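Colleague: What follows is a structure written as structure tokens; I'll ask about it next.
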């Protein structure tokens, strides 16, 4: 609401009408206070005071929080330096425009000793200060910090709304200096004080002449005056997208920034304060202050990453470089400590690479050869940032995939190419790849595209990788751990193998990747050793390949959020036709102008080659926002000698100012993607940012950077595209590179000579593939017997009545399961001679009793009879099962059909994506799930897969805590080489292949019932097993369960999740007691049958696996705080 009238008073000097937008200016204080209150709750220690002044506290974005924290920290730093400076005078802190409402109360509460003898004074419009007075007086937490000399809290003048020994609140228009001086002198004797004046944003809303007059007036308040100005500035031209977004925001609120273009930079502000009689002037943008070691140490910056997940670095840097902190003094000892002056080679942000800076013109004389052309996108496909561009194979077309949109990460692609180009419809990534941003897509040296990593959010890094062959994208080896903001350089390895090096990036909000990874098609990812002096770990750098296996590195951001300086050479170390390591060497041969030097090292820039130039495009620099003149730099010189380590190459950096027409809008070169076309031009797609609280900004079209001499043959347009087919299961698996990694251990069948062979496998906790065991009568393997069991035990009365006239003999097992509306069924069995735990009573039918009678435990395994937990018959048409583990030992007898099982030892649990507290993994382990395929699986890097092929008559011992997944295996040949991920051809003609139902099981509903061959094939697709589970740990170590079907887990794990502080003790000291009692019964002892199988404590690898999982859960909990 706009106030009316004048800013009242007690004399002629007090008559001064309000500014027309005074009410709107006051309203900006509400938004600022709300942001600071939200920030205070997360970033500052208690007690909190902003909450008393904020009308409504709404959680802001991570970038706004960090920006607000930086503002408050900057003001705190100046006040602390001022109060700690030795002085015989009293000290007074005058806050013009009291936007930092809680400032005096926080200081009085936490630094009472430092504030002794000091007084804080807030000055703002009288309406603002009246509201603030009411809050202070009505809030004991604020009022009790103040000491009043009289019965009233007000001063001698009615415009002094609060006056105490420590604090005063004055309502006065800051343009009315005569009145303001009178009011100040009524509460403090300024002549005998050291004065600190603070203007946070307030002067930027005042008329420039009035603000200049205020600054000059402050210089005369005392012989020792320090003025701290924090206000918006303009590090670039007004057409900078961020600058325009910020100024438009305030103009739209009716409170335009009046001084931002009058005093846009350090030179103008220094001259401004010099004209106001200040003699010592220090100017820094907040982005420069962020990296200043006087202000923050690296550890203090990194601590912020633990407060909340953060990855809005471009947004934060742009905002911080659009705010300046000016500290001006008219005498006395300097308030701020002296700046640390170091050589570039030893500076805080340098890394041994020295750069020669010259005073010549920063511009490349050939820059006039380049030009921009802009093409508008009528839709919204281009509106994304932090996507990745890639070439469409065999076409002069460029696509951009993923990136952050207006609401979330995108999983779509936008494709552009020259108009009237009659190529086929471009093929883009399939939807299975999923939404992401901050990923990398790079063309390998053979023309294939590879996509690596990315993220959904800072706490959700992605590790999946994809390779494009022709028009199809294939899932390949995952990264060892998720990674985003990394860089990928294609390299050619010995024997003409095309690989890639992954450098830098972040693996989570608080950790930068320290390892360098090499991807080889036949082996997947592996860590490279590093030779020479290692550059600091960083994310978002330029990591560029200049040849087959060498290149350069520069820029990027350290873990503590500071841009890395220097330039490095790198090359692969190849010995004996194998890659041994990656060698780094700092380079000292870079020649740059003083202007270009400030902007050479960048974060989030793109690059590309044009003839002999390396163009460096966009991003943010050491000073944050990069001015238009330096947005594009060219690096040219002796690239031909770069591979020769004995020679120091010479390079020159200069600015490129591309020509453009007046109707060409300026691109926002942040979060953009750049790619060279087949004709040598550069297409810029995407780009933008969420500009703090000013709103989002997206590039809305295509920019083409080209050489004017070559010109443009046609306009560029966005064209329709279609998604790649997901790799068909019968495709050539050599394209996927999945089957090229070591396949793991094939568990060969073995014939047991006696119980000792089985006991040995149990004791060492290793899988055992057993053949030739007798499980009972051969009737159990009869299809007819299994049909009868299904029909008599699974049908309801209604179903039985409906099917009683059907000819069951002509129905396959698949059709019976379909008719029963199930994909699998399980029967609990009571084996003769077996002592099952009596916690799941079963009321057997006659048919189930028949099943019980058919089953008999082989003599070689008779020692498990006293330890049995459950015995189950499972009939299933499921193609595959999820990866899961059980705390009990399991023996799987294959009765009917064949199945391929994939097993992982307990030590792999932490890499198999088991959710907290779950026994079933989220990992989709098999690449194809159709019965006639080779069932290529994908084992995560660093795991040890074991493979077993079970056919009727085989049995497999699965040790406790081993993770298992399985898939139906239809084998029509006798080729034994096909058992381990080998190719398999359909055992029937194509017309006999099954239809897959929506639940992932095989449907036989469309098969002709009287076709015996079809029934036989379908019966092959039904899996029948007998599963015996037994416990070889004391019962009290397991979680109690009321069902044999449940996957039991350890009590130590479940209780450890609730009592994490004692988890280590539970796993390492939970040994087996000699006579533990369970339900009044004594546990088995050495004399009991099966004593050779009993373990004395939890195995070490099992304990280690569970501790690792609990450690991950702790990290997840910490990130969610």
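Numbering (this note's numbering), first residue to last: 4 to 1124. All residues carry an ideal CB built from backbone N, CA and C; glycine is no exception. It should be emphasised that the depicted structure is a prediction, and the values quoted were computed from it without experimental measurement.
Using 8 Å as the Cβ pair cut-off and three pairs as the minimum, do the stretch 277-290 and the stretch 194-202 touch?
Modeller: As far as the Cβ criterion goes, the stretch 277-290 does not touch the stretch 194-202, which means the pair count is below three.
Colleague: Here's a check: name, in chain order, each residue in its chain whose Cβ is nearer than 6 Å to the Cβ of residue 910, leaving out the five neighbours to either side.
Modeller: Contacts found: 1104 and 1108.
Colleague: Determine whether the beta carbon atoms of residue 3 and residue 697 lie at a separation below 7 Å.
Modeller: The displayed coordinates of the chain run from 4 to 1124. Any statement about residue 3 would go beyond what the structure contains.
Colleague: Mind listing, in chain order, the continuous alpha helix (DSSP H) runs of no fewer than 4 residues lying wholly within the stretch 535-580?
Modeller: Segments of the alpha helix (DSSP H) lying fully in the stretch 535-580: there are none.
Colleague: When you compare each of 659, 407, 193 and 64 to residue 691 by their alpha carbons, which one comes out closest?
Modeller: Comparing Cα positions, the closest option is 407.
Colleague: Could you round the C-beta distance between residue 574 and residue 552 to whole angstroms and report it? I think they count as a contact, below 8 Å.
Modeller: With 8 Å as the limit, residue 574 and residue 552 qualify as a contact, their Cβ atoms being about 6 Å apart.
Colleague: With a floor of 3 residues, list each beta strand (DSSP E) that falls wholly inside the stretch 247-329, ordered by position along the chain.
Modeller: Counting only runs of 3 or more, we get 283-288.
Colleague: Around the C-beta of residue 62, are 16 or more other C-beta atoms found within 10 angstroms, so that it is buried, or is it exposed?
Modeller: When all chains shown are included, residue 62 counts as exposed.
Colleague: Let me make sure I understand the geometry here. Which of 163, 922 and 169 has the alpha-carbon closest to that of residue 110?
Modeller: When only C-alpha atoms are compared, the closest one is 169.
Colleague: Pull the bridge partners of residue 464 from the DSSP assignment, please.
Modeller: Residue 464 pairs with 458.
Colleague: Enumerate in chain order the residues of its own chain whose CB-to-CB distance from residue 891 is below 7 Å, with the five nearest sequence positions on each side excluded.
Modeller: Around residue 891: 872, 963, 1032, 1033, 1034 and 1051.
Colleague: Do the CB positions of residue 437 and residue 460 come within less than 7 Å of each other?
Modeller: Cβ distance not < 7 Å, so residue 437 and residue 460 don't count as in contact.
Colleague: List the residues that DSSP assigns as beta-bridge partners of residue 393.
Modeller: Note: residue 393 sits in a beta bridge opposite 402.
Colleague: Does the Cβ-Cβ distance between residue 669 and residue 242 come in under 7 Å?
Modeller: Contact: yes.
Colleague: Which value, in whole angstroms, describes the spacing of the CA atoms of residue 666 and residue 278?
Modeller: Cα-Cα distance, rounded: 40 Å.
Colleague: Closest by CA to residue 773, which one among 762, 753 and 530?
Modeller: Of 762, 753 and 530, the residue nearest in Cα terms is 753.
Colleague: In the DSSP assignment, find the unbroken alpha helix (DSSP H) run with residue 46 in it and report its ends.
Modeller: Its alpha helix (DSSP H) spans residues 25-46.
Colleague: Look at the alpha carbon of residue 604 and the alpha carbon of residue 679, and state the distance between them as a whole number of angstroms.
Modeller: Cα-Cα distance, rounded: 22 Å.
Colleague: Taking three-plus beta-carbon pairs below 8 Å as touching, is the stretch 87-101 in contact with the stretch 309-325?
Modeller: Judged by Cβ distances under 8 Å, the stretch 87-101 makes no contact with the stretch 309-325, as fewer than three pairs qualify.
Colleague: Given a cut-off of 7 Å on the beta-carbon distance, is the pair residue 232 and residue 77 in contact?
Modeller: Contact flag unset, no.
Colleague: CA-CA distance, residue 577 and residue 523?
Modeller: Distance between the alpha carbons of residue 577 and residue 523: 14 Å.
Colleague: Would you identify the three-state DSSP class for residue 1108, choosing helix, strand or coil?
Modeller: In this structure, residue 1108 counts as helix in the three-state DSSP scheme.
Colleague: Quick check: residue 621 and residue 602, are their CB atoms within less than 7 Å of each other?
Modeller: Result no, Cβ atoms of residue 621 and residue 602 do not sit closer than 7 Å.
Colleague: Compare the Cα-Cα distances from residue 957 to each of 1030, 965 and 918 and report the closest residue.
Modeller: When only C-alpha atoms are compared, the closest one is 1030.
Colleague: Could you tell me which residues DSSP pairs with residue 662 in its beta bridges?
Modeller: According to DSSP, residue 662 bridges with 374.
Colleague: By how many angstroms is the C-alpha of residue 526 removed from the C-alpha of residue 483?
Modeller: Rounded to the nearest angstrom, the two C-alpha atoms are 13 Å apart.
Colleague: Return the bridge partner residues of residue 709 from the DSSP annotation.
Modeller: In DSSP, residue 709 forms a bridge with 374.
Colleague: By DSSP, does residue 67 sit in helix, in strand, or in coil?
Modeller: Three-state result, residue 67: helix.
Colleague: In the DSSP assignment, what are the bridge partners of residue 759?
Modeller: Per DSSP, none; premise fails for residue 759.
Colleague: Tell me, please, which residues DSSP counts as bridged to residue 379.
Modeller: The partner list for residue 379 (beta bridge, DSSP) reads 704.
Colleague: Taking the alpha-carbon of residue 675 as reference, which of 386, 130, 206 and 120 has the nearest alpha-carbon?
Modeller: The shortest C-alpha separation from residue 675 is found at 386.
Colleague: Using the three-state DSSP reduction, which class does residue 530 fall into: helix, strand or coil?
Modeller: Three-state result, residue 530: strand.
Colleague: Taking all protein chains shown into account, do 16 or more other C-beta atoms lie within 10 angstroms of the C-beta of residue 711, making it buried, or fewer, making it exposed?
Modeller: Under this definition residue 711 is an exposed residue.
Colleague: So residue 60 and residue 37 are in contact, right, with Cβ under 8 Å, and what is the actual spacing, rounded?
Modeller: Right, the Cβ-Cβ distance comes to about 6 Å (below 8 Å), so this counts as a contact.
Colleague: For residue 671, does the three-state DSSP call read helix, strand or coil?
Modeller: Looking at residue 671 - three-state DSSP - the assignment turns out to be coil, as it is neither helix nor strand.
Colleague: Please report the straight-line C-alpha distance between residue 1131 and residue 489, rounded to a whole angstrom.
Modeller: In the structure as shown, the chain begins at 4 and stops at 1124. Residue 1131 is therefore absent and cannot be evaluated.
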